[in-house]
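Quick notes on the structure that follows.
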Amino acid sequence: MFVLTINQRDTLDAGDRVDTFLRALQDVPGLDDAVVLPFQRAVGDELIGAVEDPRVAVDVALRALRQRRWNVGVGVGTVTHADGAAGAPASGDLHDAGGPGLAAARRAVEAAAVSTARIPLAVRGRDEEAAAEAEAVLRLVGQLVWSRTDAEWAVLDLLVPGVRGQQKPAAAALGITAQAVSQAVQRSYWNEEHACRPAAARLLTLAGG
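Heads up: the sequence shown begins at -5 in my numbering, then just goes up one per residue.
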């Protein structure tokens, strides 16, 4: 399982944005089918959730990095009942949950918060080498996401990976040329990001040992 612990970096300046981000996660493709522990506020300006699909974990992590206001910790490991009983709690309540996955995510987000790396993300799992590799790939892809401008996002938010013939409709919707859409896609390394996502997901899986 893949546990994400995400806490806010700029609460004093921007106010608490946890509820807003939780609502935004409702649009993550495949989240409903993959969720093990629903994303929810933990304490203060922090949210935690667990999924069984590494692709969904990658998507959630990158959505957080896009906003440039979150420390992102990804822990790979099982989620159990708080008393150690096997399986995630049927209640879906974080207070009823425990296990190695949650502990790994806690270590990861604490590492992300104090890291000197530009991208505040860390991965922890039983296989430390694979976790470090997953972290490196996610930080690299996260840099692409982090660096995009609002104008580029206006284009990218109208596109679906792997679907052809989207640029002209996107251009018409935005009142710009198809060439401008193409340039935004190229500048933002959008295709490269989505080509790298499966590698990040595979490395997260390997991090579980």
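Glycine included, each C-beta is placed from N, C-alpha and C at the ideal position.
| Asked | Found |
| --- | --- |
| Using DSSP's beta-bridge definition, name the partner residues of phenylalanine -4. | Val45 and Val70 |
| So if DSSP puts histidine 75 in a beta bridge, which residue, or which two residues, is it bridged to? | Ala91 |
| Check the DSSP bridge columns for asparagine 65 and list the partner residues they point to. | Asn1 |
| Measure the alpha-carbon distance for alanine 172 versus proline 155 and round it to whole angstroms. | 17 Å |
| Does the beta-carbon distance from glycine 205 to arginine 112 come in below 9 Å? | Lying before the first or after the last residue shown, residue 205 is absent from the chain, which here runs from -5 to 203. |
| Find the nearest neighbour of arginine 191 within the set Ala58, Asp4, Glu146 and Leu134, judged by alpha-carbon distance. | Leu134 |
| Would you call the stretch 70 to 84 in contact with the stretch 15 to 33, where contact means no fewer than 3 C-beta pairs closer than 8 Å? | yes |
| Check whether the stretch 191 to 200 touches the stretch 46 to 56, taking contact to mean three or more Cβ pairs, one atom from each stretch, closer than 8 Å. | yes |
| Tell me, to the nearest whole angstrom, how far the beta carbon of leucine 205 is from that of glycine 69; I am working on the premise that it is less than 8 Å. | Outside the displayed range of the chain (-5 to 203) lies residue 205, so it cannot be described from this structure. |
| Cα-Cα, which of Val50, Arg181, Arg60 and Gly9 is closest to glutamine 20? | Val50 |
| Report the CB separation of valine 45 from phenylalanine -4 in whole angstroms; it is logged as a contact under 8 Å. | 5 Å |
| How about leucine 115 and asparagine 65: are their beta carbons less than 9 Å apart? | yes |
| Starting from proline 192, trace the alpha helix (DSSP H) both ways and give me its first and last residue. | 184 to 201 |
| Does the contact criterion of 3 or more C-beta pairs under 8 Å hold for the stretch 146 to 154 versus the stretch 174 to 190? | yes |
| For glutamate 187 and glycine 81, I'd like the C-alpha separation in whole angstroms. | 34 Å |
| Check the C-beta distance from aspartate 47 over to glutamine 2 and give it rounded, since I have them as a contact under 8 Å. | No, aspartate 47 and glutamine 2 are not in contact; Cβ-Cβ is about 25 Å, not under 8 Å. |
| From glutamine 160 to valine 52, what distance separates their C-alpha atoms? | 24 Å |
| Put glutamine 137 into one of helix, strand or coil per three-state DSSP. | helix |
| Could you give the uninterrupted runs of the beta strand (DSSP E) lying entirely in the stretch 112 to 160, keeping only those of 3 residues or more? | 115 to 118 |
| Is glutamate 127 buried or exposed, if buried means 16 or more other CB atoms sit within 10 Å of its CB? | buried |
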